[in-house]
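Participant: In the working numbering, the protein residues as written are 8 to 704.
Okay, here's the structure, questions in a sec.
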């Protein structure tokens, strides 16, 4: 897309890939001033065609790179750094699996996918100059690419990425991982000032690669859905329509297991006998620095548990992942978006094609719901901790073959508390006072409360709203944008008291800064940098009162060793003073938002600090300025009244293409901690139009 396109330019684009039954009237894409495509199509197939076109326009280079990786050909197109990724794709046989999946498709499921793919390819054919040459070589895209990409993102990255990473790093200590996460609320009419249900969608993901979101509004007869998808996916994953909406958070599901096999000879021991591996070889083409191609033969092994992803000494690690054979992952999302009421939405959920993620839901009828969704394996024994660790691969009875039904999963529907929430905590704290009991479910369903206490962020989520019996839409927006540190609510008073008891001169000066701090991580907050550095030093064993299931949103609390806490404050103060020249440096001077050359002061903070406006910042080497790389991505606050009201933001903008004007254009609003209005009617879209396309093919 040319960045200099003027508002209200009308583009007539004619192609010769017309399929049977398509209308000559064409389809409109109205691009609003924030780069959101509002698709108005004559039928759903045309709608998905335009969705493919629009995604390619905003993310062509990224999409084509991801699809090349989804073929297991990243090394061939780009460089040897993709070799391990290519090996994993071949190891899990994703291309053949996707091919078999596609061959089973019929009817709308096949029609919609094919239409999406045609939209991708037709945009690329019409606009080759908008795509970098090295990515054009990946064309044309196929339906198999899209399906394999979906399996890679959901199953290999979200569901089993931790197991893959730990297997390869078994011999060295892993860095502290940041798990993809999210915040969510559903507010019932009884707790809403307007008497209408409300929903907050707020995924936290890395700001790059396959985790990028694309915002869109899809319209066809009997279909009107607004939301986001992960780039390269053919449907909206988090969305709402005029009657209902849903969001996801990464749940505490164990649906990927890492088995430790004992090797003997050329095989492995199972039930006391030596079994042979199934083996095959594949040739992976690898691009060299001189542009030549070298073939590399890779040997792949399989046990009864699954693919062998790593071997060392007399041990091998096999990985078994739930949901890899699910056929209708995308079509379930289509049915969820098309639903008009809870019964229809639940019928879609019962397809059980989405292998993980909590579902938080609200609708116009006033219903709210929390669901611990996913393909939870049916297991013969063990608790969540047992299965979340390495599993004994010498026993065949530990190899699972089936999943729990929808009715077995933890869920809450219209709880008396008037709200549900999830901030990547276990299902037991989905509302407050607690209503779900872990003892009512298999011990491996999700961690017991004692095994995984509610995080400070999850506690912040509950504490923000639990005592507010009349939440307005504006208040809910403010709650979502809250930058306060929950951990400061527990420890700041104790720290200040400790400094009075042990009055080191540096600590006294630091305490003066902290007394004037607003407790927030806003761009202008002074004291947050100092307090965060102190918290990073403190450690989890410094609390006087540990976390308890009896007081899940007010513990841990207090300082166990006040004198040591003061000493750590002195250390933190010295480091901050040296790095920034002052202990009261503003949070936004140290923590920044940046996309390309666009940069603004940052706000929000680490999950571990209990900041609901979750942002992770890190510094380039040998620098003291940190840049956001993970955290708040898409935000939607939605009220389901006679007409839907929604405020939204996509942190990094709705494009990754070089030169695209919508790349990074929402950073200023992010820095100002504001949301923008979602444009939900065609009239409003036309009043906020950037440009228009008419697709005829």
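Even glycine gets a Cβ: it sits at the ideal position worked out from N, Cα and C.
Every value quoted in this text rests on a predicted model; they were computed, and no experiment measured them.
1. Would you grab the beta carbon distance between residue 365 and residue 642 for me? Rounded to a whole angstrom, and I think it's under 8 Å.
2. Could you tell me whether the Cβ atoms of residue 38 and residue 465 are closer together than 7 Å?
3. Quick check for students: name the residue ranges of the alpha helix (DSSP H) that lie wholly in the region 90 to 160, counting only runs of 4 or more.
4. Spatial neighbours of residue 47 within its chain, please: C-beta separation below 6 Å, excluding the five flanking residues on both sides.
5. Could you spell out where the beta strand (DSSP E) holding residue 671 opens and where it closes?
6. Just the Cα atoms here: how many angstroms apart are residue 492 and residue 620?
7. If we require 3 or more residues per run, which beta strand (DSSP E) segments fall completely within the region 275 to 331?
8. Measuring CA to CA, which of 90, 248, 257 is closest to residue 166?
9. Spatial neighbours of residue 179 within its chain, please: C-beta separation below 6 Å, excluding the five flanking residues on both sides.
10. Quick check on the DSSP output: the beta strand (DSSP E) that includes residue 74 runs from which residue to which?
11. Cutting at 8 Å between CB atoms, please list the residues of its own chain near residue 412, excluding the five before and the five after it.
12. Using three-state DSSP, classify residue 212 as helix, strand or coil.
13. Could you give the C-beta distance for residue 155 and residue 101, rounded to a whole number, given that I count them as a contact under 8 Å?
14. Report yes if the C-beta distance between residue 685 and residue 653 is below 7 Å; otherwise report no.
15. With DSSP run on the structure shown, which of helix, strand or coil describes residue 561?
16. What is the rounded straight-line gap between the Cα of residue 212 and the Cα of residue 276?
17. Between which two residues does the beta strand (DSSP E) carrying residue 345 extend?
18. Using 10 angstroms around the beta-carbon of residue 181, count the other beta-carbons present and answer buried if the total reaches 16, otherwise exposed.
19. So for residue 393, helix, strand or coil by DSSP?
20. Under a three-way DSSP split, which group does residue 2 fall into?
21. Residue 29 to residue 117, Cα distance in whole Å?
22. Going by the beta-carbon positions, is the gap between residue 665 and residue 611 smaller than 7 Å?
23. So, using beta-carbon positions, are residue 2 and residue 378 closer together than 7 Å?
24. Taking the Cβ atom as the reference point for each residue, do residue 677 and residue 658 lie within a distance shorter than 7 Å?
25. Using CA atoms only, rank isn't needed, just tell me which of 263, 574, 94 is closest to residue 326.
26. Would residue 342 and residue 355 be called neighbours here (beta carbons separated by less than 7 Å)?
27. Less than 6 Å between C-beta atoms, sequence neighbours within five positions excluded: which residues of the same chain meet that for residue 299?
28. Distance, Cα to Cα, residue 564 vs residue 548?
29. At what residue ranges does the region 401 to 480 contain a whole run of the beta strand (DSSP E), taking only runs of 3 or more?
30. Quick check: the region 565 to 577 against the region 598 to 613, are there 3 or more CB pairs under 8 Å?
31. Could you spell out where the alpha helix (DSSP H) holding residue 623 opens and where it closes?
32. Can you name, in chain order, every residue of its own chain whose Cβ lies under 6 Å from the Cβ of residue 431, other than the five neighbours on each side?
33. Can you tell me whether DSSP reads residue 364 as helix, strand or coil?
34. Under a three-way DSSP split, which group does residue 678 fall into?
35. Would you be able to state if there are at least three C-beta pairs under 8 Å between the region 380 to 394 and the region 443 to 454?
36. Any Cβ of chain C within less than 7 Å of the Cβ of residue 464?
Facilitator: With the structure as the only source:
1. Actually they do not touch by this definition, with Cβ atoms about 17 Å apart.
2. Contact flag unset, no.
3. Runs found: 90 to 98, 101 to 110, 114 to 133, 140 to 143, 150 to 158.
4. So the qualifying residues of the chain are 35, 226.
5. Segment: none, residue 671 is in no beta strand (DSSP E) and carries neither H nor E.
6. Rounded to the nearest angstrom, the gap between the Cα atoms of residue 492 and residue 620 is 10 Å.
7. 280 to 283, 285 to 294, 300 to 309, 315 to 319, 322 to 328, all fully within the region 275 to 331.
8. Cα-wise, what sits closest to residue 166 is 257.
9. Confidence at residue 179 is low in this model, with a pLDDT of 44, below 50, so its placement is unreliable and the value that follows should be read with caution. Correct list: empty, nothing qualifies.
10. For residue 74, there is no enclosing beta strand (DSSP E); the residue is part of the alpha helix (DSSP H) that begins and ends at 51 to 77.
11. Closer than 8 Å at the Cβ level, and outside the excluded window around residue 412, lie 359.
12. The answer is strand: DSSP assigns residue 212 an E or B state.
13. About 4 Å; that satisfies the 8 Å criterion.
14. In this structure, residue 653 lies closer than 7 Å to residue 685 by Cβ.
15. Three-state result, residue 561: coil.
16. Between the alpha carbons of residue 212 and residue 276 lies a distance of about 40 Å.
17. Careful: residue 345 lies outside any beta strand (DSSP E), inside the alpha helix (DSSP H) at 336 to 345.
18. Residue confidence for residue 181 is low, a pLDDT of 41 falling below 50, so the modelled location carries little weight and cannot support an answer.
19. DSSP places residue 393 in helix when its eight states are reduced to three.
20. Nothing about residue 2 can be reported from this structure: the residues present for the chain run from 8 to 704 only.
21. Confidence at residue 29 is low in this model, with a pLDDT of 42, below 50, so the placement of that residue should be treated as unreliable; the coordinate-derived value is given next. Separation of residue 29 and residue 117 (C-alpha to C-alpha, rounded to the nearest whole angstrom) is 15 Å.
22. No, the pair does not count as a contact, with Cβ atoms beyond the cut-off.
23. Here the chain comprises residues numbered 8 to 704, so residue 2 is not present and cannot be evaluated.
24. At the C-beta level, residue 677 and residue 658 come within 7 Å of one another.
25. Comparing Cα-Cα distances from residue 326 to each of 263, 574, 94, the minimum goes to 263.
26. Yes. Within cutoff.
27. The answer is none, since no qualifying residue turns up.
28. C-alpha separation (whole angstroms): 11 Å.
29. Complete beta strand (DSSP E) runs here, min 3: 418 to 420, 426 to 428.
30. Contact between the region 565 to 577 and the region 598 to 613 is absent, because fewer than three Cβ pairs lie under 8 Å.
31. Careful: residue 623 lies outside any alpha helix (DSSP H), inside the beta strand (DSSP E) at 622 to 625.
32. Cβ neighbours of residue 431 beyond the five flanking positions: 188, 256, 257.
33. Residue 364: coil per DSSP, three-state reduction.
34. Residue state, collapsed to three classes: helix.
35. The region 443 to 454 is in contact with the region 380 to 394.
36. No chain C appears in this structure, which consists of one protein chain only.
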